[in-house]
Every structure is written in C-alpha cells, then in structure tokens.
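Participant: The structure under discussion is supplied below as structure tokens; questions concerning it will follow.
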Ligand code: TXA
Ligand code: MG
C-alpha cells in the first residue's frame, strides 16, 4: 500500500485526480489548492459548478490553512474536532483566501473534515496539502462504497483508483454549521444527516436537523434528487400500500426482511434484499445501503420498492438518502 500511497500523492502533486477510500464513501481527490486539478474533478463527475466540494485535512493543524475559525465558535469547533475527528463529521467554516473559489462554488465558506481512513490521511500527509474530494460517483448517482463501484462510475475517466476495501460507515459524512447566538449553548445545524447522529451532537450544543435544505440558496448542493439508481425507486411510508402493476418485475429493499410485515410474502417479488440481515441494526443497514441499491439497480427490475426504517439515530441519514433516491411524481 505504501507504493500506492506514493503514486497517489505524486499524481495529486502533478495536478491529477485520484479515487481514494474514506471511511464514509470513496472520494475523488484533487489538490485543494490547485484550481485546475479541482476543475478535473467537476469534469469527471459531470458535476455542476454550483455544488461545492469538501476539503479534507490530514491534521488539526492544517485547519488554519483552509478555514478561519471565528472566535465565538472556536471552543465548540475544538470540542467537535476532538470528539469526532478523524471521522465522518464535516464542519462548514469561513474559508481562507488560499482555497480556490471553484472548490466552494464561490461561497465564502468551506466544508472541512479530517477523514478517519488511514490510507486517505497518509496520501494527504504525503501531498502536504489539503485534499478536495467529493464522492467518487457521477453527479446525482449512488455514492460508491467499494473500489469496484468507483470503477463502474468513473472507470476510464481517471488515472488511478486506490482500493482500500469496503467503506466502514457506508454513508457520507454529517455536515454541520455552528452558530453562537449568545445563548447558553451553541446552535449546531445539520445540513446533511450522516454517520454522526443528532444524539451524539447534542452533547455539544442545541441541534437542529435542516429539513428543507433544497430551498435554501445559502446551501447549494443539497439537491432534493440525489443518490439515485437508474431503476425507479418507490418509497412508501406504508409499504402495504404498494400495488404492483401486472407483468412488472419488482424488488423489495427491506430493512430486515421481517415476514411479519405481511407485504413481504404477499407480493411476487423478483428479489428481496435485506439491509440488515444480521441483527436488524441500523449500523449494518447504513453500511450496506448504497451497496444494496447498486446491486438492485443491476438486477433488471422495473422498480425497487423501499421499506422505510425508523427515524432515530442513523435511521435519520438512511431515510434522508432513501427519500432523495426515490422517484418523484
Ligand atoms: O463523506 C463525505 O462527506 C464524502 C467523502 C468523500 O468525504 N464526500 C462527499 O462529498 O460526500 P460530496 O461532494 O458528495 O458532498 C459534499 C456536499 C455538497 O453537495 C454540498 O452540499 C456540501 O457538501 N457543501 C460543501 N461545501 C459547502 C459549503 N461551503 N456550505 C454548505 N454546504 C457545503
Ligand atoms: Mg456526493
């Protein structure tokens, strides 16, 4: 792996882009301070320029290169970093002049995190600069949680994919902004639900999960339709309401394939895939979500019918991704 890390860093140094593993999903990396390299990321993903990238630092010290932490929120930024970095928490902060406007889509702020993946951090250390990296999928599609999924999305468009195995978390990082409103506790707004849950963040402030993010012009990129398979995905708050059309092939994306949920046996499903076949745990479901979506997308179905999961803890992020993947009428 050492040689692969050196090769990745050398390509990044030369202004190239490389797909790299993180603990959440695979990222498509570029030197964050090289605008030409960052432009290649947008081109390979066919990503619109209004959707800003996350900047990854390999040590807390590097934060000062990319962000200016306002004094009033510095203590909570430090506590959150202490608790969750390296890890799947992204904090939006005012950017420094060093960060090209292309990275932030012209916003005065930058989204920053320190990845928990050792391979990723070692590439960053070898490069000696922060790394801008969105998820390594084509725009609007399912985020890749394995090197083979990256290859299916971007193979032929990028010079190198580093295979670090399956991603530990399987869902993109939790994104937050922080405000000090002169109240007792700072306000933590969750712009994108993810592996770090509301319950975990509550130790550090008052937490609000932003619901109607798509309508907020100051938060570009949180597009309502995202993470979508090519096969239509149908979401029913009550799956028993689903009425199949005759002659069509349907697959059920089930949380735990519980036959007690009457509809599982009732329909003639082409396939039933369980998110958490083991113990019915949300962690397992989160890790497997994009993998299973991809699998079902390749199964030649007319539609995927998704069963809801309970919206507590990690279930909030899972439901967020399912709703955005769902076909809108
Ligand atoms: O886990 C992750 O966060 C993965 C890995 C690779 O780190 N990255 C990822 O990046 O999910 P991406 O580009 O797929 O999603 C990043 C999102 C953007 O769509 C945008 O909504 C938000 O981060 N974002 C970036 N900069 C922002 C900013 N300055 N203010 C608000 N939101 C921002
Ligand atoms: Mg993405």
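In this note's numbering, the protein residues as written are 142 to 470.
Backbone N, C-alpha and C define an ideal beta-carbon position, used for all residues, glycine too.
#1: Tell me the DSSP bridge mates of residue 235?
#2: Can you have a look at residue 142 and say buried or exposed, based on whether 16 or more other CB atoms are within 10 angstroms of its CB?
#3: How about residue 229: is its Cβ closer than 8 angstroms to a heavy atom in the ligand TXA?
#4: Please report how far the alpha carbon of residue 248 lies from the alpha carbon of residue 191, in whole angstroms.
#5: Rounded to whole angstroms, what's the CA-CA distance from residue 156 to residue 407? Just pull it up for me.
#6: CA-CA distance, residue 211 and residue 146?
#7: Between residue 437 and the rest of its own chain, which residues show a CB-CB distance below 8 angstroms, the 5 nearest in sequence each way excluded?
#8: In terms of residues, what are the limits of the beta strand (DSSP E) holding residue 376?
#9: Return yes when the Cβ of residue 252 is within less than 9 angstroms of the Cβ of residue 245, no when it is not.
#10: Tell me the DSSP secondary structure of residue 240 in three-state form.
#11: State yes or no: is the C-beta of residue 197 nearer than 8 angstroms to some heavy atom of the ligand MG?
#12: Closer than 8 angstroms: is that where the CB of residue 421 sits relative to any heavy atom of the ligand TXA?
#13: Can you tell me where the beta strand (DSSP E) with residue 389 in it begins and where it stops?
#14: With hydrogens ignored, establish whether the beta-carbon of residue 172 is closer than 8 angstroms to any heavy atom of the ligand TXA.
Facilitator: Concretely, from the data shown:
#1: Stepping through the chain shown from its first residue, residue 235 is reached at position 94. Partner(s): 250.
#2: Sequence index remark: in the chain shown, residue 142 carries index 1 (1-based). So residue 142 ends up on the exposed side.
#3: The count along the chain shown starts at 1 and reaches residue 229 at position 88. Yes, Cβ of residue 229 sits closer than 8 angstroms to a heavy atom of the ligand TXA.
#4: Mapped onto the chain shown, residue 248 falls at position 107. Mapped onto the chain shown, residue 191 falls at position 50. Rounded to the nearest angstrom, the two C-alpha atoms are 9 angstroms apart.
#5: Looking up residue 156 in the chain shown gives position 15. Looking up residue 407 in the chain shown gives position 266. C-alpha separation (whole angstroms): 55 angstroms.
#6: Here residue 211 corresponds to residue number 70 of the chain shown, with the count starting at 1. Here residue 146 corresponds to residue number 5 of the chain shown, with the count starting at 1. So the two alpha carbons sit approximately 34 angstroms from each other.
#7: Here residue 437 refers to the residue found at position 296 of the chain shown. Correct list, in chain order: 370, 372, 392, 394, 412, 414, 445.
#8: Taking the first residue of the chain shown as position 1, residue 376 is located at position 235. Looking at the DSSP string, the run of the beta strand (DSSP E) that includes residue 376 is 374-376.
#9: On the chain shown, residue 245 is found 104 positions in, with the first residue counted as 1. On the chain shown, residue 252 is found 111 positions in, with the first residue counted as 1. Yes.
#10: One-based indexing of the chain shown puts residue 240 at position 99. Coil.
#11: Here residue 197 refers to the residue found at position 56 of the chain shown. Incorrect: residue 197 has no Cβ contact closer than 8 angstroms to the ligand MG.
#12: Here residue 421 corresponds to residue number 280 of the chain shown, with the count starting at 1. Incorrect: residue 421 has no Cβ contact closer than 8 angstroms to the ligand TXA.
#13: In the chain shown, the residue the question calls residue 389 occupies position 248. Careful: residue 389 lies outside any beta strand (DSSP E) and carries neither H nor E.
#14: For this step, residue 172 is matched to residue 31 along the chain shown. Every heavy atom of the ligand TXA is 8 angstroms or more from the Cβ of residue 172, so no.
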